[in-house]
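Protein sequences appear in the order of chains V and P.
Residues in the first sequence are numbered consecutively from 1, following our numbering.
Residues in the second sequence are numbered consecutively from 111, following our numbering.
Data first, discussion second: the structure below is written as structure tokens.
Number of protein chains: 2
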Amino acid sequence: MIILAADSSYKDKKVITIGIVSELTGLSERQIRYYEERKLVFPDRTKGGSRRYSFADVELLVEIANKIEDGVQTFEIRQEMAKQKKRNEAEEHKKMIQGQINARFGIRKK
Amino acid sequence: MIILAADSSYKDKKVITIGIVSELTGLSERQIRYYEERKLVFPDRTKGGSRRYSFADVELLVEIANKIEDGVQTFEIRQEMAKQKKRNEAEEHKKMIQGQINARFGIRKK
DNA sequence: CGTGTAAGGAATTCTGACACG
DNA sequence: CGTGTAAGGAATTCTGACACG
Numbered sequence: 001m002i003i004l005a006a007d008s009s010y011k012d013k014k015v016i017t018i019g020i021v022s023e024l025t026g027l028s029e030r031q032i033r034y035y036e037e038r039k040l041v042f043p044d045r046t047k048g049g050s051r052r053y054s055f056a057d058v059e060l061l062v063e064i065a066n067k068i069e070d071g072v073q074t075f076e077i078r079q080e081m082a083k084q085k086k087r088n089e090a091e092e093h094k095k096m097i098q099g100q101i102n103a104r105f106g107i108r109k110k
Numbered sequence: 111m112i113i114l115a116a117d118s119s120y121k122d123k124k125v126i127t128i129g130i131v132s133e134l135t136g137l138s139e140r141q142i143r144y145y146e147e148r149k150l151v152f153p154d155r156t157k158g159g160s161r162r163y164s165f166a167d168v169e170l171l172v173e174i175a176n177k178i179e180d181g182v183q184t185f186e187i188r189q190e191m192a193k194q195k196k197r198n199e200a201e202e203h204k205k206m207i208q209g210q211i212n213a214r215f216g217i218r219k220k
């Protein structure tokens, strides 16, 4: 079976330190670390233990902060994200199955 | 006159520390700093004075290192880059002029 | 010329905790 | 619950210099 890496382009590379993330988002380092504690973001770590974020993480952090400002609690946000993830996975699975069908029987539209 | 920002997307944002750049490129920090000393790359700086590179910088650094491996000297690389920059600017200028002509007299092909 | 390295200092980040509410 | 802060330490980065060639 073939796994397609989700286009590891610039957006998903974990290369940004927390200080820069703080600048980019306007969030405090405290907030950023707390959202990780609540399992909402998952930065990489260097050997030394420093966090490294991707641009995708940066955008996610902004969304999280907006929701919290709207009174949504972190555990609710986590649930939303889990649901969204399931929907995405189901969609992926559907596409993959269809891809296998097409591979065997040829692609035909409609 | 309208200036088009060169699509400040992920690729050109200066957000990567020298340690990560070193990992991404395989170059030593010494090399990376030296290429800056020779005016080949221009990272941003934080208030504290730390360097911040973009993905575009990362790719440029790899190209630079390859040329040096081929025996090209840094001042030659700088000259090449200056020439390339002039060509690009001339091309930009041409497009801009054509854009103004099109704006006044309408766009017509051929 | 291009790169390695040891040196000393400054900036950055880390964790765990106390505080407020 | 979400966030600020002071505390102490560790990791990261900086510059200028000496070395080799």
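Glycine included, C-beta positions come from ideal geometry on N, C-alpha and C.
For residue i: DSSP bridge partner residues
i, result
"I16 of chain V", "V:Y53, P:I126"
"R155 of chain P", "P:R161"
Under 7 Å from the C-beta of residue i: neighbouring residues of chain V
i, result
"F165 of chain P", "Y10"
Integer Cβ distance of residue i from residue j, believed to fall under 8 Å
i, j, result
"L150 of chain P", "T184 of chain P", "6 Å"
Under 8 Å by beta carbon: chain P residues contacting residue i
i, result
"R52 of chain V", "I130"
Minimum Cβ-Cβ distance from residue i to chain P less than 9 Å
i, result
"T46 of chain V", "yes"
"I16 of chain V", "yes"
"L27 of chain V", "no"
"K13 of chain V", "yes"
Chain V within 9 Å of residue i, Cβ atoms only
i, result
"L134 of chain P", "yes"
"I112 of chain P", "Because the pLDDT of I112 of chain P is 47, which lies under 50, any placement of that residue in the model is unreliable, and the number read from its coordinates should be weighed accordingly. No - not a single Cβ of chain V is within 9 Å of the one on I112 of chain P."
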